[in-house]
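Chemist: First the structure, then my questions, so here it is.
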Amino acid sequence: MAKITDHIQTHRKRATRTDVAKLAGVSTAVVSYVFNNGPRTVAPATMEKVRRAAAMLNYRPSSTARALRTGRTKTLGIIGNYSTNPYNASIYDNIQASATRRGYTVPFINVRDNPELETVAIDKLIERNVDAIFLSSLRNVVQLRTADLRVSRFVLLDQPHEVPNAKCVSTDLFSSAKTATNHLLNHGYQSVDMLFGGSPEDRTDARIQGWYAAHQDANKLPGRIAYSSFTRKGGYQATLELIDSDHQPEAIFAGSDMEAMGALRALHERGLRIPEDVAIVSFDGTVDSLYTWPQLTTMQQDTDKIAACAMNAALDPDQVPDVQLIKADLVIRHSCGC
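Its first residue numbered 1, the sequence shown is counted upward by one per residue in UniProt numbering.
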């Protein structure tokens with residue numbers, strides 16, 4: 001043991017693979033097999049001896065050398081909007097936690113609802129040669145540069161349709177929106193207005209299509225779409241527009257919990273009761289939906305499963321379909337009138 005202690009005390013440079021091999025009494029190849037999980041199998045006793053020697057020397061494998069050897073940087077990247085929606089934060093946190101457990105570093109770039117910053121962020125991550133990029137894009141998929149999708153592996157979040165050269169992971173937005181709208185129509189409302197955090201150019205969005213399909217199946221004319229942003233302010237302003245129109249809303253499907261919270265304020269300010277005067281069902285299932293009054297009936301997205309599917313798409317792309325759709329569950333509370 002004195003020999004080991006002497007070795008540690010006199011070792012002042014960063015420990016190398018050769019140092020670990022010498023202390024453990026094995027070849028440098030065996031050290032490499034231990035820290036790279038192969039390609040050859042190492043006996044448990046030998047593996048323990050190598051790891052103990054590495055710990056004594058405070059050895060850390062070189063990420064640069066590993067990247068040159070394996071073609072992987074063990075780095076993933078996330079591009080999104082962290083501050084605008086608790087749902088987004090939950091997805092990103094779950095992805096980062098899962099990646100860390102697998103030994104990956106995951107830088108996050110908050111583009112703050114700015115498409116130009118999104119383009120810059122994509123370029124930066126491609127320059128860093130990350131193994132995959134998780135992108136929750138602000139833009140319609142046709143606005144993405146197809147050249148980028150060929151250069152790096154992209155996992156597009158909240159994208160329910162197939163995109164060439166990318167993997168897509170999303171809640172089943174169509175069926176979820178249809179379920180939410182059906183719930184309100186089944187209460188006897190003649191039509192359901194929709195708050196949507198997009199533009200009129202997004203009429204093919206799966207949420208809009210699901211909302212529309214529910215009205216069709218019920219043989220009822222669809223309500224109005226109030227376009228805003230997926231924020232409290234957007235929902236507030238859009239709801240005021242509906243209230244101040246010639247036809248006061250009787251039921252609202254909000255495209256996000258954030259919009260629904262803005263809608264609640266607008267309705268309260270105008271003296272309208274929820275759900276007695278206007279019923280609301282929202283979308284996301286964030287923890288915030290528990291603390292509104294009344295509590296929001298909402299479509300609960302499975303953020304744990306979405307993050308797990310996204311990680312599988314990034315690390316094992318050949319083992320997963322190009323599009324993975326995850327079911328959302330209707331959580332019934334008080335805002336819908338139940």
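Backbone N, C-alpha and C fix where the C-beta goes; we use that ideal spot for every residue, glycine too.
Quick one: is residue 200 buried, meaning 16 or more other Cβ sit within 10 Å of its Cβ, or exposed?
Modeler: Flag for residue 200 reads exposed.
Chemist: In three-state terms, what does DSSP make of residue 209?
Modeler: Of the three classes helix, strand and coil, the one that applies to residue 209 here is helix, per DSSP.
Chemist: Could you compute how far the alpha carbon of residue 363 sits from the alpha carbon of residue 153?
Modeler: Since the first and last residues shown for the chain are 1 and 338, residue 363 lies out of range.
Chemist: Please confirm if the region 312-330 is in contact with the region 169-184, defined as three or more CB-CB distances below 8 Å between the two stretches.
Modeler: Touching, per the Cβ criterion.
Chemist: According to DSSP, simplified to helix, strand and coil, what is residue 309?
Modeler: Looking at residue 309 - three-state DSSP - the assignment turns out to be helix.
Chemist: Which stretch, first to last residue, makes up the beta strand (DSSP E) that contains residue 19?
Modeler: Counting along the chain, residue 19 falls outside any beta strand (DSSP E), though it belongs to the alpha helix (DSSP H) covering 17-24.
Chemist: Taking only runs of the beta strand (DSSP E) that begin and end inside the region 231-256, which ones reach a length of at least 3 residues, in chain order?
Modeler: Listed in chain order, the complete beta strand (DSSP E) runs (minimum 3 residues) inside the region 231-256 are 251-254.
Chemist: Could you have a look at residue 262 and say whether DSSP puts it in helix, strand or coil?
Modeler: DSSP places residue 262 in helix when its eight states are reduced to three.
Chemist: Between the Cα of residue 234 and those of 249, 216, 246, 265, spot the shortest distance and give me the residue it belongs to.
Modeler: Of the candidates 249, 216, 246, 265, the one whose C-alpha sits nearest the C-alpha of residue 234 is 265.
Chemist: Out of 291, 217, 160, which one is the CA nearest neighbour of residue 204?
Modeler: The shortest C-alpha separation from residue 204 is found at 160.
Chemist: For a test of the three-state rule: what should DSSP assign to residue 54, helix, strand or coil?
Modeler: In the structure shown, residue 54 sits in a helix (DSSP, three-state: H, G or I).
Chemist: Roughly how many whole angstroms lie between the Cα atoms of residue 212 and residue 272?
Modeler: In a straight line, the C-alpha of residue 212 is about 26 Å away from that of residue 272.
Chemist: Does DSSP put residue 33 in a helix, in a strand, or in coil?
Modeler: DSSP places residue 33 in helix when its eight states are reduced to three.
Chemist: Can you give the Cα-Cα distance for residue 312 and residue 319, rounded to whole angstroms?
Modeler: Near 8 Å, if we compare the C-alpha coordinates of residue 319 and residue 312.
Chemist: Assuming residue 195 contacts residue 252 under a Cβ cut-off of 8 Å, what Cβ separation, rounded to an integer in Å, is found between them?
Modeler: With 8 Å as the limit, residue 195 and residue 252 qualify as a contact, their Cβ atoms being about 6 Å apart.
Chemist: Give the secondary structure of residue 97 by DSSP, where H, G and I count as helix, E and B as strand, and everything else as coil.
Modeler: Note: residue 97 maps to helix in three-state DSSP.
Chemist: Can you tell me which residues form a DSSP beta bridge with residue 331?
Modeler: In DSSP, residue 331 forms a bridge with 298.
Chemist: Beta carbon of residue 20, beta carbon of residue 33: below 7 Å?
Modeler: Result no, Cβ atoms of residue 20 and residue 33 do not sit closer than 7 Å.
Chemist: Please state whether DSSP places residue 216 in a helix, a strand or coil.
Modeler: Helix.
Chemist: Leaving out five residues before and five after residue 165 in sequence, what residues of the same chain have Cβ atoms less than 8 Å from its Cβ?
Modeler: The answer, listed in chain order, is 146, 149, 150, 154.
Chemist: With a 10 Å radius around its C-beta and 16 neighbouring C-beta atoms as the bar for buried, classify residue 104 as buried or exposed.
Modeler: Residue 104 should be labelled buried.
Chemist: Just to confirm my understanding: we take residue 47, look at its own chain, exclude 5 residues before and 5 after, and list those with CB closer than 6 Å. What are they?
Modeler: Taken in chain order, the residues that qualify are 34.
Chemist: Just how far apart, CA to CA, sit residue 306 and residue 283?
Modeler: Roughly 15 Å separates the two Cα atoms.
Chemist: From what residue to what residue does the beta strand (DSSP E) around residue 195 run?
Modeler: First-last of the beta strand (DSSP E) with residue 195: 193-196.
Chemist: For residue 337 and residue 246, what's the separation of their Cα atoms in angstroms?
Modeler: The alpha-carbon atoms of residue 337 and residue 246 are separated by roughly 24 Å.
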